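Participant:
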Amino acid sequence: MRRDASIEVGKFLDATAEPLQLTLLSDWGELDRKITSMRIQKPGLALSGFVKHVFPDRIQVLGLTEIDYLLSCSPDQARAGLEAFCSKPLCCLAISRGLDPPDFLMEVARRHGVPVLRSPMMSSVFISRLTRKLEDLLSPRATIHGVLIDVLGVGLLLIGRSGVGKSEAALDLILKGHRLVADDIVEVSVRPPDTVWGAALEMHQHHMEIRGLGILNITHLFGVAAVRDNKKIEVVVELSEAQEEDYDRLGTEPQVWPILGVDVPLARIPLRPGRNIASLIEVVARNQVLKFRGHDSAREFQEKINARIAASARGANIRSPGADVPVPTPRANSGAVPSPEVE
1 MRRDASIEVG
11 KFLDATAEPL
21 QLTLLSDWGE
31 LDRKITSMRI
41 QKPGLALSGF
51 VKHVFPDRIQ
61 VLGLTEIDYL
71 LSCSPDQARA
81 GLEAFCSKPL
91 CCLAISRGLD
101 PPDFLMEVAR
111 RHGVPVLRSP
121 MMSSVFISRL
131 TRKLEDLLSP
141 RATIHGVLID
151 VLGVGLLLIG
161 RSGVGKSEAA
171 LDLILKGHRL
181 VADDIVEVSV
191 RPPDTVWGAA
201 LEMHQHHMEI
211 RGLGILNITH
221 LFGVAAVRDN
231 KKIEVVVELS
241 EAQEEDYDRL
251 GTEPQVWPIL
261 GVDVPLARIP
271 LRPGRNIASL
281 IEVVARNQVL
291 KFRGHDSARE
301 FQEKINARIA
311 ASARGANIRS
321 PGADVPVPTP
331 RANSGAVPSP
341 EVE
């Protein structure tokens with residue numbers, strides 16, 4: 001289930017008031033206006049009335065330059081520019097450096113119902129942190145049925161039909177010292193440029209359901225080191241009961257599983273009685289770490305085979321076990337006894 005990437009100004013303020021040190025200067029409501037863009041905008045010429053390229057769904061940041069410009073204009077000129085600017089309508093204004101907004105700016109904002117926020121941070125620092133928060137809050141989101149676990153620093157998303165044993169395998173991994181991120185329902189989001197992150201829903205965070213045991217609090221059972229709040233998803237591991245012939249035996253054919261338009265590497269593990277699924281999942285993580293370092297075991301093995309075949313095609317002397325060994329002919333007038341060639 002995918003959710004729209006937007007947030008109301010009031011909810012944005014609740015989520016960012018502490019990290020961005022934001023306070024609300026306006027008292028006329030309108031906090032239900034929606035922010036839908038991850039990018040911010042500095043008004044610039046828009047304050048003079050040229051509003052052709054103003055994007056109302058972006059937070060408009062006013063710094064020292066904008067406030068000084070408004071104060072340097074005549075009140076009528078400043079009001080005329082602000083009237084055109086605030087009539088777009090804007091989602092909100094954010095003033096940096098802790099500057100006091102001119103009274104006529106607040107009057108125009110009140111008339112058009114534009115919320116006004118303020119932060120004491122320098123403009124460059126504020127914009128950088130604001131952009132990162134918007135990327136997090138406005139990323140495309142969806143929920144996936146699965147289990148997300150951190151194994152050796154690699155985020156593995158376990159998927160498969162209900163009851164296939166995803167949570168039990170994750171519990172085995174936790175007993176090995178790995179960390180749970182989310183069980184049953186994983187909330188995924190895409191962060192720029194093309195990375196997928198997963199987390200648990202607030203109600204499910206740090207909890208796991210095991211059939212026969214019920215709901216377990218992993219933090220209480222294994223400590224805070226056994227959980228984490230979110231993790232980048234780097235491999236999707238599918239647990240299924242498909243036939244062996246449906247799987248790539250060598251692992252040389254790359255497979256992917258799309259999440260919100262981003263292709264994530266896929267590893268498929270067939271379930272059989274007696275197989276240690278947790279250990280196999282751990283090997284998937286170790287193999288992925290090797291790939292991060294530039295070592296693809298399956299590809300390297302295939303390259304060795306291809307090189308051997310190419311050498312054979314060029315006429316290289318490649319012998320197989322049990323092949324006839326040539327015997328050299330003795331030199332003339334020599335008493336030497338022929339002996340097999342030793343390699």
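If you use the UniProt record's numbering, the sequence shown corresponds to residues 1 to 343, in order. Glycine included, every Cβ here is placed at the ideal spot set by N, Cα and C. The structure displayed is predicted, hence computed values, not measured ones.
1) Suppose contacts are defined by Cβ-Cβ distances below 8 Å. Is G146 in contact with L138 by that definition?
2) Taking all protein chains shown into account, do 16 or more other C-beta atoms lie within 10 angstroms of the C-beta of G274, making it buried, or fewer, making it exposed?
3) So, using beta-carbon positions, are I7 and K34 closer together than 8 Å?
4) With which residues is H207 paired in a DSSP beta bridge?
5) Between the C-alpha atoms of P75 and W257, what's the straight-line distance to the nearest angstrom?
6) Quick one: give me the first and last residue of the beta strand (DSSP E) that A142 is part of.
7) Give the straight-line distance between the Cα atoms of I318 and Q302, rounded to the nearest whole angstrom.
8) Keeping to the same chain, check which residues put their C-beta closer than 8 Å to that of M122; ignore five residues upstream and five downstream.
9) For the beta strand (DSSP E) containing residue 345, name the first residue and the last one.
10) Reducing DSSP to helix, strand and coil, say where L180 ends up.
11) Would you give the residue range spanned by the beta strand (DSSP E) that residue 406 belongs to?
12) Using only the alpha-carbon positions, how far apart do P89 and H295 sit?
13) Would you mind stating whether A170 and L180 have Cβ atoms separated by less than 8 Å?
14) For M208, does the count of other Cβ atoms within 10 angstroms reach 16, so buried, or fall short, so exposed?
15) Return helix, strand or coil for S189, following the three-state DSSP convention.
16) Examine the Cβ distances between the stretch 54-62 and the stretch 14-31 and report whether three or more of them are shorter than 8 Å.
17) Mind listing, in chain order, the continuous beta strand (DSSP E) runs of no fewer than 3 residues lying wholly within the stretch 83-120?
18) The beta strand (DSSP E) with K232 in it runs from where to where?
19) Pull up the distance between the alpha-carbon of F126 and that of A278, whole angstroms please.
20) Indicate the three-state DSSP secondary structure (helix, strand or coil) for T200 in the structure shown.
21) Mark V224 as exposed unless 16 or more other C-beta atoms lie within 10 angstroms of its C-beta, in which case mark it buried.
Facilitator: Reading off the structure:
1) In this structure, the beta-carbon distance from G146 to L138 does not fall below 8 Å.
2) Exposed, since its Cβ has fewer than 16 Cβ neighbours within 10 Å.
3) For I7 and K34, yes; Cβs fall inside 8 Å.
4) Per the DSSP secondary-structure output, H207 pairs in a beta bridge with N217.
5) Rounded to whole angstroms, P75 to W257 spans 59 Å at the Cα level.
6) Taken as a continuous stretch (DSSP letters only), the beta strand (DSSP E) holding A142 covers R141 to V151.
7) With a pLDDT of only 49 at I318, under 50, the local geometry of the prediction cannot be trusted, and no value is derived from it.
8) Hits under 8 Å: S96 and R97.
9) As displayed, the chain neither begins before 1 nor continues past 343, which places residue 345 out of reach and without an answer.
10) In this structure, L180 counts as strand in the three-state DSSP scheme.
11) Residue 406 is absent from the structure shown; the chain starts at 1 and stops at 343.
12) Going from the Cα of P89 to the Cα of H295 covers about 54 Å.
13) Yes. Within cutoff.
14) Residue environment analysis places M208 among the buried positions, since at least 16 neighbouring C-beta atoms fall within 10 angstroms of its C-beta.
15) If DSSP states are grouped into helix, strand and coil, S189 belongs with the strands.
16) No, because fewer than three Cβ pairs between the stretch 54-62 and the stretch 14-31 fall closer than 8 Å, the two stretches do not touch.
17) Within the stretch 83-120, the beta strand (DSSP E) runs of at least 3 residues that lie entirely inside it are, in chain order, 93-95 and 116-118.
18) Counting along the chain, the beta strand (DSSP E) containing K232 begins and ends at N230 to K232.
19) Using only the alpha carbons, I get a separation of about 45 Å.
20) The amino acid at residue 200 is misidentified as Thr; the sequence shows Ala. DSSP places A200 in strand when its eight states are reduced to three.
21) Burial check for V224: the Cβ neighbour count within 10 Å stays below 16, so the residue is exposed.
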